[in-house]
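Quick look at the structure:
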């Protein structure tokens, strides 16, 4: 009878649970996560309930077995807070751009591009362009995905990268080759270039097939500004690789450090961003986050 | 209960029926239900981590931690484990359910 066995069943189930827990904790990464008290089914269900109820989606999700995609913004408590002295730039970028930019992949029309360029230049004192030296990307707004580290020189390894090693190291080189031809030529400049590299779809440029030699040189390590319009965070980066493929639904990629600086390194690890050329003929603008 | 990303793959009707028929106090049933939920959770996660490359573990666990309901997690697993991951998880869940039922039905 079910009723007579339930109390003793608890003991057997507790043993079963302990066995499975040990199996789970054999994985190093799991150990880290399982120190968090909420990381049990009950805790996660509560969290799920809170998040979904907050977004008004719980009913919809329960009746939908497995929809293809759903992305919710993190709750306010999970959004990192900016430092006091950076608040103004972030706020201004965020509030000014949010009213202008479509929230979907797009190429900016000239009038809108001018407005956006002006807002950014006024607030960051960095000149940015949607079109520079007659070159422009197919998208200025697009989804940026989390990339792996790139090999900086022949023989580079993941262990030699100092941050976010869990991102892994991409097999092979970036589309523009190693950042330094060999280790002896690897300077701080190349170190920063890899740290803040981005990926753009040069391969889909209209004139890529005809002019790829010129275009490859022009785009290689070209300085760009990337802005997350949701939170106003911005980073100066350089083009270190070509991609992503169209089928991914993404238009850009960002190094682990860029994604962290834009607060796009959590959850699905992608987000809509604005990407513009930095007009910096004298190479005076340093790579890295500009307002956080 | 709020959903977890794999809930649609789990069929535990037999367990539910077993507990409904039980004459134990509701708090005892609640304790058993929670234990079963944890067992399935740990079993499913173990299965996934065993089939997912180590370098993807952090991303996967971060997704589960931050958005436990998110169907994108299944999409992520389709991309990084294989297109049949849902069938595999269903099959793993069935094994877990059978083990749990055995534990519930065993004589003292």
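Protein chains in written order, with this note's numbering: chain A, 1 to 292; chain B, 293 to 400.
Built from N, CA and C at the ideal position, the CB exists for glycine as well.
The structure displayed is predicted, hence computed values, not measured ones.
Around the beta-carbon of residue 157 of chain A, fewer than 16 other beta-carbon atoms lie within 10 Å, marking it exposed. In the same chain as residue 178 of chain A, and ignoring 5 residues on each side of it, the C-beta atoms closer than 6 Å to its own belong to 153, in chain order.
Put simply, the backbone Cα of residue 279 of chain A is about 8 Å away from that of residue 126 of chain A. Counting the other Cβ atoms within 10 Å of the Cβ of residue 350 of chain B gives 16 or more, which makes it buried. 378, 391 and 392: these are the residues of the stretch 371-393 of chain B whose beta carbon lies less than 8 Å from some beta carbon of chain A, given in chain order. Contact between the stretch 243-258 of chain A and the stretch 87-104 of chain A is absent: fewer than three C-beta pairs spanning the two stretches fall below 8 Å. Runs of beta strand (DSSP E) with 3 or more residues, each lying fully within the stretch 163-226 of chain A, are found at 197-200, listed in chain order.
Against chain B, a Cβ distance below 7 Å from residue 39 of chain A picks out 357.
In the displayed model, residue 135 of chain A falls within a strand according to three-state DSSP. Linking residue 398 of chain B to residue 313 of chain B through their CA atoms gives a straight-line distance of about 16 Å.
Pairing residue 22 of chain A with residue 330 of chain B, the inter-Cα distance amounts to about 13 Å. Taking 7 Å as the cut-off, the Cβ atoms of residue 29 of chain A and residue 353 of chain B count as close. For residue 166 of chain A, the neighbours in chain B by C-beta distance under 9 Å run, in chain order, 347, 349, 350 and 351. At a C-beta separation below 8 Å, residue 42 of chain A has these neighbours in chain B: 326, 329 and 330. Bounds of the beta strand (DSSP E) holding residue 274 of chain A are 270-278. Looking at the backbone, the Cα of residue 226 of chain A and that of residue 341 of chain B are separated by about 34 Å. Among the CB atoms of chain A, one or more fall inside 7 Å of the CB of residue 335 of chain B.
The beta carbon of residue 316 of chain B sits closer than 7 Å to some beta carbon of chain A.
Out of A:185, A:139 and A:119, the CA that lies nearest to the CA of residue 199 of chain A is found in A:139. Annotation: residue 249 of chain A to residue 7 of chain A spans about 52 Å, alpha carbon to alpha carbon. Here residue 121 of chain A is actually not in contact with residue 131 of chain A; their C-beta atoms are around 15 Å apart, not less than 8 Å. The shortest C-alpha to C-alpha distance from residue 328 of chain B to any of A:27, A:33 and A:12 is the one to A:12.
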